[in-house]
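Okay, structure first, notes after.
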Amino acid sequence: MASSVATATRIDGSFLEGGGQVLRNAITYSSFSADTKTAGSTTLLLQVSLPCLLFATHPDGSDSESDLQLRGGTNATKAPPIDFVNYVLFPFLDRYFGFGPKLVIRKRGYYPKGQGEIRIENIPTLTKPLPSITVTDRGNVTLIRGRAYVAGTIPSRLVRVMADAARKTLREAGYGQRMVDIDEEMEPPHAAAGSGSGIILWAETDRGCILSGSAIGERGVKADETGRAAANELIENLAHGGCVDEYLQDQIIIFMALAEGESQVVCGPLSLHTRTAIWLAELMTDAKFTITEGGVDGAEGD
């Protein structure tokens with residue numbers, strides 16, 4: 198009788214269906230990787246793979262943890278920056294769903310090179326459904342944190358320009374200097390591939406909610422405009438009174454669908470991404486979502 202045990206697999210995302218194959222081909226292993234071969238977003242690969250890894254089947258039948266290594270872009274337009282995962286998504290999953298993977302950013306990757314590398318460790322294998330969550334009271338903002346960064350050939354002085362513009366915009370919106378703490382970082386050459394810049398801000402409340410706003414530096418856009426864009430996005434997310442921002446709302450849909458019982462989350466106006474995520478979750482699971490305008494959003498699953 199022949200037997201074999203695989204402990205790792207590597208998925209090349211440069212052909213066929215790309216890194217999405219990690220969903221179908223790697224969920225019976227403990228360690229896996231995917232490489233976009235471009236500046237394609239590692240956070241989008243993470244977004245589709247994490248729910249599957251939570252219910253992975255290991256060769257030895259154990260419920261040991263998994264880990265995932267992803268290569269590609271870490272801070273790109275049209276996708277959540279890796280800082281969002283680190284400061285918003287993972288803390289939310291830890292606080293409300295009871296699992297908190299560890300994110301290790303080995304190298305940031307910027308357009309067009311990509312070549313960034315992240316590692317997600319301590320992904321648990323669940324033996325029962327996720328717990329239901331109730332997130333309906335945002336509370337008051339107690340602190341706004343942030344990270345402004347530049348890398349590669351981008352002039353280091355621009356990190357201060359972005360941060361100062363964000364501070365001024367927040368101050369004008371009523372968030373005083375003592376409430377705002379933005380780090381300014383010039384990434385060393387060994388920690389980044391290519392050149393890039395950007396800023397992420399996140400507001401913390403006394404009820405444990407975290408809402409964010411971010412912007413990526415782009416060619417032809419001044420650094421102060423990038424800083425203001427991130428601040429205005431955060432201000433808009435705070436203005437709607439919800440407990441999650443526009444990006445977190447769509448990323449937690451799948452976890453709500455996989456949770457037992459009924460979950461409730463108060464959010465702002467639903468984005469098209471969120472409505473699509475709800476449609477897909479209802480199509481693939483037994484969960485049913487109820488959207489109440491001006492009230493509470495809920496999901497009920499088995």
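Quick note: to get the numbering used here, add 197 to the position in the sequence shown (first position is 1).
The beta-carbon is built from N, C-alpha and C at its ideal position, and this holds for glycine as well.
Every value quoted in this text rests on a predicted model; they were computed, and no experiment measured them.
Practice problem: Tell me whether residue 273 is buried or exposed, calling it buried when 16 or more other Cβ atoms sit within 10 Å of its Cβ. | Solution: When all chains shown are included, residue 273 counts as buried.
Practice problem: Quick one: which unbroken beta strand (DSSP E) runs of 3-plus residues sit fully inside the region 273–325? Chain order, please. | Solution: Listed in chain order, the beta strand (DSSP E) runs fully inside the region 273–325 are 299–306 and 313–320, counting runs of at least 3 residues.
Quiz item: Within 7 Å: the Cβ of residue 457 and any heavy atom of the ligand FAD?
Solution: Ligands displayed in this structure: none; no statement on the ligand FAD is therefore possible.
Quiz item: Within the chosen definition, does the region 273–286 reach the region 302–315 through at least 3 CB pairs nearer than 8 Å?
Solution: yes
Self-check item: Contacting residues, own chain, Cβ-Cβ under 8 Å from residue 301 (five flanking each side not counted)
Solution: Within the same chain, residue 301 has close Cβ partners 315, 316, 317 and 318.
Exercise. Starting from the C-beta of residue 439, find all residues in its chain whose C-beta is less than 6 Å away, skip the five residues before and the five after it, and write them out in chain order.
Key: 463, 464 and 465
Quiz item: Is the region 386–404 touching the region 336–352, taking contact as three or more C-beta pairs under 8 Å?
Solution: yes
Quiz item: Mind pulling the beta strand (DSSP E) runs of 3 or more residues that sit fully within the region 321–371?
Solution: 338–348
Quiz prompt | Check whether residue 251 and residue 321 have beta carbons under 8 Å apart | solution = yes
Quiz item: Opposite residue 182 in the DSSP bridges: which residues?
Solution: Because the chain is modelled from 198 through 499, residue 182 falls outside the range shown and cannot be assessed.
Practice problem: Return helix, strand or coil for residue 411, following the three-state DSSP convention. | Solution: strand
Quiz item: Who are the Cβ neighbours of residue 244 in its own chain at under 7 Å, not counting the five residues just before and after it?
Solution: Hits under 7 Å: 448.
Practice problem: Taking residue 262 as the reference, give the member of 269, 254 and 268 with the closest Cα. | Solution: 254
Exercise. With residue 453 as the anchor, note down where its alpha helix (DSSP H) starts and where it stops.
Key: Run containing residue 453: 450–455, per the alpha helix (DSSP H) assignment.
Exercise. Taking residue 430 as part of the alpha helix (DSSP H), name the residues at either end of that continuous run.
Key: 420–436
Quiz prompt | Residue-level contact to chain C via CB, residue 263, 8 Å cutoff | solution = Going by chain labels, chain C is absent from the structure shown, which holds only one protein chain.
Quiz prompt | Minimum C-alpha distance to residue 380 - residue among 336, 328 and 359 | solution = Minimum Cα distance to residue 380 is reached at 359.
Quiz prompt | Exposure label - residue 369; buried when at least 16 CB within 10 Å | solution = Residue 369 is exposed by the Cβ-count criterion.
Quiz item: For residue 396, which three-state DSSP category applies?
Solution: strand
Practice problem: Leaving aside the five residues before and after residue 351 along the sequence, list all residues of the same chain whose C-beta is less than 8 Å from its C-beta, in chain order. | Solution: When the five nearest sequence neighbours on each side are left out, the beta carbons in the same chain lying within less than 8 Å of the beta carbon of residue 351 are those of 392, 393, 394 and 414, in order along the chain.
Exercise. List the endpoints of the continuous beta strand (DSSP E) containing residue 377.
Key: 377–383
Self-check item: Burial state of residue 180, where buried means 16 or more other Cβ atoms lie within 10 Å
Solution: Since the first residue of the chain shown is 198 and the last is 499, residue 180 is not available in this structure.
Quiz item: Which residue's Cα is closest to the Cα of residue 421: 335, 356, 279 and 478?
Solution: 356
Practice problem: Identify every run of the beta strand (DSSP E) within the region 457–494, keeping only runs that are complete inside it and at least 3 residues long; order them along the chain. | Solution: 458–462 and 485–487
Practice problem: Measuring alpha carbon to alpha carbon, tell me which of 476, 411 and 419 ends up nearest residue 285. | Solution: 411
Quiz item: What is the DSSP secondary structure of residue 263, counted as helix, strand or coil?
Solution: strand
Quiz prompt | Range of the contiguous alpha helix (DSSP H) that encloses residue 240 | solution = Counting along the chain, the alpha helix (DSSP H) containing residue 240 begins and ends at 239–250.
Quiz item: Can you find at least 3 beta carbon pairs, one from the region 324–334 and one from the region 451–461, that sit closer than 8 Å?
Solution: yes
Quiz prompt | Where residue 200 sits in the DSSP three-state scheme | solution = The predicted position of residue 200 is uncertain, since its pLDDT is 27 and thus under 50; a value taken from the coordinates is nonetheless stated next. Assigned with DSSP and collapsed to three states, residue 200 falls in coil, not helix or strand.
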